[in-house]
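A.B. asks:
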Amino acid sequence: MESTAPDRLGAIAEGDALPERTFTPTIAELFLYSAIIWNPHRIHYDMDYTRNQEHYPGLLVTGPLQGDWLCQTATDWMGDLGTLERFDFSHRHPVYLGETLTASGRVVTKDATTGRITLALELRNGAGEVVTPGEAVIRFATT
Amino acid sequence: MGALLTEEHRARVGTATSPVTETVTRREIRRYAVATRQRATRYLAGDEAPPLFFQRFFEDIPSLDELQPNGQPSDPLTHGLPLRRQMAGGSRITFHRPIRPGDTLTATRTLTGLEEKHGRTGAAIFCTIEMRVTDADARPVVTEQHTRILR
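Taken in order, these protein sequences are the chains called L and H.
Just so we're aligned, residue 1 is where the first sequence starts under my numbering, counting upward by one.
Just so we're aligned, residue 1001 is where the second sequence starts under my numbering, counting upward by one.
1. For L59 of chain L versus T50 of chain L, is the C-beta spacing smaller than 8 angstroms?
2. Do H91 of chain L and G1090 of chain H have their C-beta atoms within less than 8 angstroms of each other?
3. Between the alpha carbons of T1108 of chain H and V1142 of chain H, how many angstroms are there, rounded?
4. Please report whether the beta-carbon of S1074 of chain H lies at a distance below 8 angstroms from any beta-carbon of chain L.
5. How about I1061 of chain H: is its C-beta nearer than 8 angstroms to some C-beta of chain L?
6. Can you check which of these residues, L:V137, L:E135, L:A112, is closest to R8 of chain L by C-alpha distance?
7. How long is the line joining the alpha carbons of G1102 of chain H and Y56 of chain L, rounded to whole angstroms?
8. Which of the residues in the stretch 1087-1114 of chain H, read from start to end, lie with their CB under 8 angstroms from any CB of chain L?
9. For I37 of chain L, count neighbouring Cβ atoms within 10 angstroms of its own Cβ and tell me buried if that reaches 16, exposed if not.
10. Considering only the beta carbon of each residue, do A136 of chain L and L123 of chain L sit closer than 8 angstroms?
11. With H, G and I counted as helix, E and B as strand and the rest as coil, what does DSSP make of F1053 of chain H?
12. DSSP on R51 of chain L, reduced to helix/strand/coil?
13. In angstroms, rounded to a whole number, what distance separates the CA positions of N125 of chain L and T132 of chain L?
14. Could you list which residues in chain H have their beta carbon closer than 7 angstroms to that of G67 of chain L, in chain order?
15. How many Å lie between T26 of chain L and R1084 of chain H at the Cα?
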């Protein structure tokens, strides 16, 4: 791994793929996330309520948790040498407890003058559908 | 179309919540980092908050009596809108600087948009909420445009 930000920037090319990562959340994990963000919405832990009152087939994996996993795809790739300037994500499909999600990304643009990199990111479900697409802008110092 | 939102609802756009000020602790960062499966040492050690840590850090702490049947407290910005089933839509976030333990931060949330849509899967209301987080010197730390979908 390059030891300075300009070296790292120099080694990045448009089209580079980011390392993929999979997530298979457990119910304990969803509980801890809901607890830390103080989110008592029952669709994340109460199956009877979720099925009978909100008519979903399973407990829902929290949207912002998916956003965080997607964000980690960018920050893990960036490491300590870059700065995250922007991150956008949106939810396309509900994700249910028991599903495995795969996070991936690629370098879309690189501006060697400003040191800014744009990443396209996506979280896919087992059927290959993009459940949460996103985009990140990361800057590496140029000098 | 346009049957859901009344002029009274639309007049809420521009409404802001009272600013909430909180001090970030290393313990809170570490809990968030573990629950979200962070890998970076700086997050797991609590030296720096993961980028999305701020999103729910400023949540109100309502009494249990204020929880609705779905478990959630009502949000003063979207309370009383004609659809009740809520889902996260997405976020657009600009980061000005990282959050670290000891930071005293102030967040203000503003309802910036209400839009209703009628599609194949029924009616939906898209609520856009802007959250601005500033530090003790009133400098910007992070700004988020969040969309919440009511169905």
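Ideal Cβ placement from N, Cα and C applies to all residues, glycine included.
C.D. replies: Looking at the coordinates:
1. On the first sequence, position 59 is the one that residue 59 of chain L refers to. On the first sequence, position 50 is the one that residue 50 of chain L refers to. Yes; because the gap between Cβ atoms is below 8 angstroms, this pair is in contact.
2. Within the first sequence, the letter at position 91 stands for residue 91 of chain L. Within the second sequence, the letter at position 90 stands for residue 1090 of chain H. The answer is yes: Cβ separation under 8 angstroms.
3. On the second sequence, residue 1108 of chain H is found 108 positions in, with the first residue counted as 1. On the second sequence, residue 1142 of chain H is found 142 positions in, with the first residue counted as 1. Spanning the two alpha carbons is a distance of roughly 11 angstroms.
4. Taking the second sequence and counting its residues from 1, the one referred to as residue 1074 of chain H is at position 74. No, S1074 of chain H does not count as interfacial toward chain L.
5. Here residue 1061 of chain H is taken as the residue at index 61 of the second sequence, counted from 1. Yes, I1061 of chain H counts as interfacial toward chain L.
6. Taking the first residue of the first sequence as position 1, residue 8 of chain L is located at position 8. R8 of chain L has its Cα closest to that of L:A112, out of L:V137, L:E135, L:A112.
7. Mapped onto the second sequence, residue 1102 of chain H falls at position 102. Mapped onto the first sequence, residue 56 of chain L falls at position 56. Near 41 angstroms, if we compare the C-alpha coordinates of Y56 of chain L and G1102 of chain H.
8. So the list reads M1087, A1088, G1089, G1090, S1091, R1092, I1093, T1094, F1095, given in the order they occur along the chain.
9. By one-based count along the first sequence, residue 37 of chain L stands at place 37. Buried: at least 16 other Cβ atoms inside 10 Å.
10. The residue given as residue 136 of chain L occupies position 136 in the first sequence. The residue given as residue 123 of chain L occupies position 123 in the first sequence. Not in contact: A136 of chain L and L123 of chain L (Cβ atoms no closer than 8 angstroms).
11. Taking the second sequence and counting its residues from 1, the one referred to as residue 1053 of chain H is at position 53. It is helical.
12. For the purposes of this step, residue 51 of chain L is identified with residue 51 of the first sequence, where counting begins at 1. In the structure shown, R51 of chain L sits in a helix (DSSP, three-state: H, G or I).
13. Residue mapping note: residue 125 of chain L aligns to position 125 of the first sequence, counting from 1. Residue mapping note: residue 132 of chain L aligns to position 132 of the first sequence, counting from 1. Going from the Cα of N125 of chain L to the Cα of T132 of chain L covers about 9 angstroms.
14. Indexing the first sequence from 1 puts residue 67 of chain L at position 67. In chain order: L1052, S1091.
15. Residue numbering aside, residue 26 of chain L sits at position 26 when the first sequence is read from its first letter. Residue numbering aside, residue 1084 of chain H sits at position 84 when the second sequence is read from its first letter. Cα to Cα, the separation comes out at about 27 angstroms.
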